[in-house]
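All residue numbers for the sequence shown refer to full-length UniProt numbering, where the first residue is 1 and numbers rise by one.
For each residue, glycine too, the CB sits at the ideal point set by N, CA and C.
Some notes on the structure that comes next.
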Amino acid sequence: MTKIAIFGANGRMGKVLCEACLISNDSELVAALVRQEHALIGSEVTHLISQGKTALTYTGESDLVNDVDVAIDFTLPLGMKKHLSLAIERKLPIVIGTTGLTAQDMAELKAAAKHIPIVFSRNFSVGINILENLVKVAAQTLNEDVDIEVFEAHHRHKVDAPSGTALMIGEAIAEAKGWEHEQVARYDRTTEEQAKAQNEIGYSVLRAGDIVGEHTAYFATMGERLELTHKATSRLTFATGAVRAAKWLRNKPNGLYDMQDVLGLK
């Protein structure tokens with residue numbers, strides 16, 4: 001039984017992570033953590049999650065109990081860095097699904113992984129991680145005249161754009177093609193008056209309503225088009241993958257892992 005703590009347990013994703021822990025047969029939610037001095041501290045978690053299998057109460061982040069095997073964090077970058085420091089202090093393995101991280105944030109993650117085991121992924125869906133492998137095959141196999149575009153759609157509240165998952169897909173394509181991603185990525189064509197080049201990856205973004213997450217990689221040549229698409233209809237998909245990663249991470253040596261490691265796809 002893997003004992004799990006959730007940072008940001010009161011957030012949109014935090015609530016779903018709590019639910020995923022409760023419906024897993026071999027994990028136990030032992031800490032639902034919120035910011036210090038939050039009004040929810042001391043109130044029961046059960047009225048916020050559908051399963052209602054525990055009488056656990058919300059606790060402050062600094063009151064993290066010692067009886068935890070792995071923590072999970074899907075909070076914003078600023079909160080994540082604070083939680084990462086706490087995890088290092090407690091020698092606690094941590095699964096991180098925070099998106100919108102800067103190069104400096106990633107450098108801090110890599111440095112932290114020298115002290116604790118970390119699984120970091122911009123998407124914990126099993127299907128998306130299979131898609132990551134499929135786009136590599138497509139990029140390596142199709143002729144050099146192929147046009148490559150990545151489209152993504154999310155709910156109106158999502159802050160970062162393109163999504164971390166879209167970038168993950170684009171970076172996988174660039175790696176397969178032997179390109180430097182930042183040199184070939186095109187986020188805005190409104191200031192360019194020239195035809196699209198083949199050695200580039202264009203990104204398109206849609207923000208609307210309650211779309212959980214849709215991603216498509218387009219590979220188009222003259223006469224045919226390959227579209228590789230993943231659509232998520234529930235956040236529980238990501239939460240279930242994160243709990244799977246947490247169970248996998250328990251007792252692993254220090255290091256920075258990703259969902260490809262968890263699924264054995266590497």
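Whole-angstrom Cβ separation of residue i and residue j, contact assumed at under 8 angstroms?
i	j	result
A32	I6	6 angstroms
M259	F151	M259 to F151, Cβ: 21 angstroms. No contact.
D170	D73	The sequence given here has Gly at residue 170, not Asp. Between D73 and G170 the Cβ distance is about 24 angstroms, and since that is not below 8 angstroms, they are no contact.
A239	A20	4 angstroms
Could you tell me the alpha carbon to alpha carbon distance between residue i and residue j, rounded to whole angstroms?
i	j	result
V95	E227	31 angstroms
G113	G79	With the sequence shown as reference, residue 113 is identified as Ala, and Gly is not the correct amino acid for it. Answer to the nearest angstrom: the Cα atoms are 18 angstroms apart.
T59	I41	5 angstroms
A174	S43	48 angstroms
K252	A245	11 angstroms
E149	Y257	27 angstroms
H83	V34	11 angstroms
E144	D105	34 angstroms
L56	E193	58 angstroms
T191	P162	18 angstroms
N25	A195	54 angstroms
R12	M222	43 angstroms
H215	A232	9 angstroms
Of the residues the options, which one's Cα is nearest the Cα of residue i?
i	options	result
A87	D210, N66, G42, E193	N66
I116	R90, G60, K3, T99	R90
T75	K266, R189, E61	E61
T141	K252, F219, T229, L56	F219
G255	R12, V16, L92	L92
V68	Q104, S27, L265	S27
A185	K15, D63, Y203, T229	Y203
A103	P77, I118, G127, V126	P77
residue 267	A217, L236, G264, H155	Because residue 267 is not part of the residues shown, which for the chain are 1 to 266, the question remains open.
Would you give the residue range spanned by the beta strand (DSSP E) that residue i belongs to?
i	result
P77	Element bounds for P77: not the beta strand (DSSP E) but the alpha helix (DSSP H), 77-90.
G255	255-257
H230	224-232
K3	2-7
H154	147-154
E61	No beta strand (DSSP E) contains E61, which DSSP labels as neither H nor E.
Let me confirm a value: residue i is counted as buried when at least 16 other C-beta atoms fall within 10 Å, else exposed. Which label applies?
i	result
E182	exposed
R122	buried
M1	exposed
L206	exposed
Considering residue i, what are the terminal residues of the alpha helix (DSSP H) in which it resides?
i	result
D105	103-112
Do we get a CB-CB distance below 9 angstroms when we pair residue i with the residues of chain C?
i	result
D147	The question asks about chain C, but that chain is absent: this structure has only one protein chain.
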